[in-house]
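In this note's numbering, the protein residues as written are 541 to 747.
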């Protein structure tokens, strides 16, 4: 019910277009990997996605009441940014192995211009669990409310991995991270975001 209400509110206040929801597998673990330009991105995806998405959220948010309580109820779990948070990685792996959906923003921040370098967390999760990755491109045309269709969300074809691995080589992380980023970049360009640019450095070790 909450997600239906939230979807309705977003549609009224901002207006959105959603493409490619047929790409979402009806069941089984998968990783939603999206670009990140607004603090509204997590609730937007939470409300419009057909399955419950468990987002990683920075640890500090869980210390603010009632926000921490609310986002916990919505399925989010804490991650310590700027560090290799093994607890958060283990929790994400548990969700995926139980057949859930984990949401990740590989850029790790909304700061900067264009599509920023990606961290390798989504690729690592996929390779460790054998879960497919759903690339998602969020295109904000305006962040001002009541201006018509303000945002476009496009879901790309799932990126499959050969199977879960105990040990992951660095080159595998680099290649898969690049593939995720290329897919999102292509959808953003197709979305025609005004002033869209792609930062040329495309891989960031760690995170």
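For every residue, glycine included, the Cβ atom is placed at its ideal position computed from N, Cα and C.
Which whole-angstrom value is the C-beta distance of residue i and residue j, which I expect to be below 8 angstroms?
i, j, result
"residue 672", "residue 570", "5 angstroms"
"residue 731", "residue 692", "5 angstroms"
"residue 688", "residue 555", "5 angstroms"
"residue 704", "residue 670", "4 angstroms"
"residue 550", "residue 584", "6 angstroms"
Using alpha carbons as the reference points, say which of the options lies closest to residue i.
i, options, result
"residue 678", "690, 686, 685, 710", "690"
"residue 544", "592, 581, 699, 664", "592"
"residue 682", "568, 553, 541", "553"
"residue 675", "573, 716, 714, 584", "573"
"residue 658", "722, 729, 629, 727", "722"
"residue 727", "717, 712, 697", "697"
"residue 642", "603, 670, 594", "594"
"residue 611", "599, 714, 638", "599"
"residue 724", "661, 626, 713, 695", "695"
"residue 558", "638, 680, 634", "680"
Buried or exposed for residue i, going by 16 or more other Cβ atoms inside 10 Å?
i, result
"residue 740", "Because the pLDDT of residue 740 is 39, which lies under 50, any placement of that residue in the model is unreliable, and the question is left without a value."
"residue 737", "Residue placement at residue 737 is flagged as unreliable, the pLDDT there being 39, under the threshold of 50; a coordinate-derived value is accordingly withheld."
"residue 702", "exposed"
"residue 542", "exposed"
"residue 656", "buried"
"residue 720", "buried"
"residue 686", "exposed"
"residue 582", "buried"
"residue 596", "buried"
"residue 661", "buried"
Where does the unbroken beta strand (DSSP E) through residue i begin, and where does it stop?
i, result
"residue 583", "From DSSP, residue 583 is part of no beta strand (DSSP E) but of the alpha helix (DSSP H) over 581 to 588."
"residue 692", "691 to 695"
"residue 658", "Note, residue 658: premise wrong, no beta strand (DSSP E); not H, not E."
Let's see if you can read the secondary structure: which residues bound the alpha helix (DSSP H) around residue i?
i, result
"residue 673", "From DSSP, residue 673 is part of no alpha helix (DSSP H) but of the beta strand (DSSP E) over 673 to 680."
"residue 594", "Not the alpha helix (DSSP H): residue 594 falls in the beta strand (DSSP E), residues 593 to 598."
"residue 712", "710 to 731"
"residue 627", "626 to 637"
"residue 611", "607 to 613"
Quiz item: Counting Cβ pairs closer than 8 angstroms, one from the region 607 to 615 and one from the region 556 to 567, do we hit at least three?
Solution: no
Practice problem: For the region 647 to 664 and the region 576 to 594, state whether three or more C-beta atom pairs, one from each stretch, are separated by less than 8 angstroms. | Solution: yes
Exercise. For the region 581 to 588 and the region 546 to 557, state whether three or more C-beta atom pairs, one from each stretch, are separated by less than 8 angstroms.
Key: Taking a contact to require three or more Cβ pairs closer than 8 angstroms, the region 581 to 588 and the region 546 to 557 qualify as touching.
Quiz item: Can at least three beta-carbon pairs, one atom from the region 663 to 671 and one from the region 612 to 623, be found at a separation below 8 angstroms?
Solution: no
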